[in-house]
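Data block below; observations after.
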Amino acid sequence: MDLPVQETKETNSDHPENGNISPKRIFALLKQHKTWFQMVIYSLLVLSGQSAATLLGRLYYKKGGKSKYMAALVQSAGFPILLPFLYIAARNNPTIQQTSPSKNLALPALYICFGTFLAFDCMLYAAGLMYLPVSTFSLICSSQLGFNAFFSYFLNSQKLTALILNSIVLLTLSTVLLVLQPDSSTGAVIEGKYALGFICTLTGAAGYAFLLSVEQLAYGKVLKRQTVKEILNVIFYESMVTTCALLVGLFGSGEWRSLKNEMEGFQLGKTWYVMVLVSAALAWQVFAIGMVSLMLKISSLFANVVSSMNVPVVPVLAVVVFRDKMSGLKIVAMLLAVWGSLSYVYQQYLDDVKSRADNAVATCPPIQVIAATSCENEHYK
1 MDLPVQETKE
11 TNSDHPENGN
21 ISPKRIFALL
31 KQHKTWFQMV
41 IYSLLVLSGQ
51 SAATLLGRLY
61 YKKGGKSKYM
71 AALVQSAGFP
81 ILLPFLYIAA
91 RNNPTIQQTS
101 PSKNLALPAL
111 YICFGTFLAF
121 DCMLYAAGLM
131 YLPVSTFSLI
141 CSSQLGFNAF
151 FSYFLNSQKL
161 TALILNSIVL
171 LTLSTVLLVL
181 QPDSSTGAVI
191 EGKYALGFIC
201 TLTGAAGYAF
211 LLSVEQLAYG
221 KVLKRQTVKE
231 ILNVIFYESM
241 VTTCALLVGL
251 FGSGEWRSLK
261 NEMEGFQLGK
271 TWYVMVLVSA
281 ALAWQVFAIG
291 MVSLMLKISS
301 LFANVVSSMN
311 VPVVPVLAVV
321 VFRDKMSGLK
331 IVAMLLAVWG
341 SLSYVYQQYL
351 DDVKSRADNA
361 VATCPPIQVI
371 AATSCENEHY
381 K
């Protein structure tokens, strides 16, 4: 009779209200929230990298840059900075088992296919950013979430709940509002190119959403473990293929001949010309690390949700930095995009709560219902 009493006392002594939490309990809490901690880190990488890269890309055009190939190239050319991290990851996670021949053939093929497709998508984004204000460009990019929900339904068996459908509808309405009021009056837009910029950006958003969904499907089958090493490998080799493809286009088109004059005519000077491009390349790599990590760890749809959270950030920064015009329709479009993004975030929260509840019940011995209920309550403490 003494044993149950002592067990109860030990359990109660671990309760947070008593101020005594055992190391085992702390470890369990950290493990329980590990996924959320990773989500926060990767989300910050996406938001900071995307915001900085988009603004620097617009600065490049605004101060005299004219090469779409160069603007596209910086989106992938920063991959060499990953070499030290790849070396560290390889040392910490040495390969013990030999990889299968099929995997050795599949991975390079995937890198080449996805990297080449990404090069085309980078060109679309570069053209869109050249012909549109940053605020409009950012709002159109938010439609990527709606496209990804559509592709994920067919490719990744993503359930389309009421909240996700609401998100898609709101993001679609946000894009439609931007069609109704072209922003060609702003000085940042080349006259007569608004429609071309809109089409390029929208096509780029759809293409990138499709790419993420296919990558989630393909890498999910080939990569059984989504470790840091595997994530860095995906980013590094895809970016290398993308960079090579864009370099072929740069030299094949003859656009490289005008780069010297472009650098000399850059309004901020040669040094700033190089700094803007290098900084943009680094920012895009930060964004890529966050996006690919979220795609492999959680889902491509959630990665796009995080990316769309930049909707209220980039337009506001564009108004401050580049003095973009913020019309009434654009403000409404921004609010709809934010609402659509939050709608999906709430769905993700509901899914997580349900998953934890199911896991809590599954780990309890099915002897008594009371015991299961107690175990579930203990899981959420």
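Per UniProt numbering, the sequence shown starts with residue 1, numbered consecutively.
Where is the CB? At the ideal position from N, CA and C, for every residue including glycine.
Reduced DSSP category for N12 - H, G, I as helix; E, B as strand; rest coil: The predicted position of N12 is uncertain, since its pLDDT is 49 and thus under 50; no value can be drawn from it.
Y111 versus K260, K297, V169, Y237, residue with shortest Cα-Cα distance: Y237
Three or more C-beta pairs below 8 angstroms linking the stretch 144-156 and the stretch 281-290: no
Nearest neighbour of L301, chosen from V276, A281, L259, V345 [CA to CA]: V345
Exposed unless 16 or more other CB atoms sit within 10 angstroms - verdict on T35: exposed
Where L3 falls, given that 16 or more other Cβ within 10 Å makes a residue buried: The predicted model places L3 with a pLDDT of 44, which falls under 50 and marks its position as unreliable, so this point remains unresolved.
C141 and A72 closer than 7 angstroms at C-beta: no
CB of L170 within 7 angstroms of CB of G340, strictly: Yes.
Euclidean distance between Cα positions of L247 and V276: Rounded to whole angstroms, the separation of the alpha carbons of V276 and L247 is 19 angstroms.
Distance, S213 Cα to V313 Cα: Rounded to whole angstroms, V313 and S213 show a C-alpha spacing of 25 angstroms.
Pair within 7 angstroms by beta-carbon distance, Q347 and T161: yes
Proximity to L211 [Cα-Cα], best of S279, A119, G128, Y131: For the residues S279, A119, G128, Y131, the minimum Cα distance to L211 belongs to A119.
Extent of the continuous alpha helix (DSSP H) run through I199: 194-222
Residue closest to G78, alpha-carbon to alpha-carbon, out of I199, P133, L129, T243: Shortest Cα-Cα distance from G78 to any of I199, P133, L129, T243 involves T243.
Extent of the continuous alpha helix (DSSP H) to which K229 belongs: 228-252
Simplified DSSP state of R91, which is helix, strand or coil: DSSP, reduced to helix, strand and coil, places R91 within a helical segment of the structure shown.
Simplified DSSP state of P108, which is helix, strand or coil: Assigned with DSSP and collapsed to three states, P108 falls in helix.
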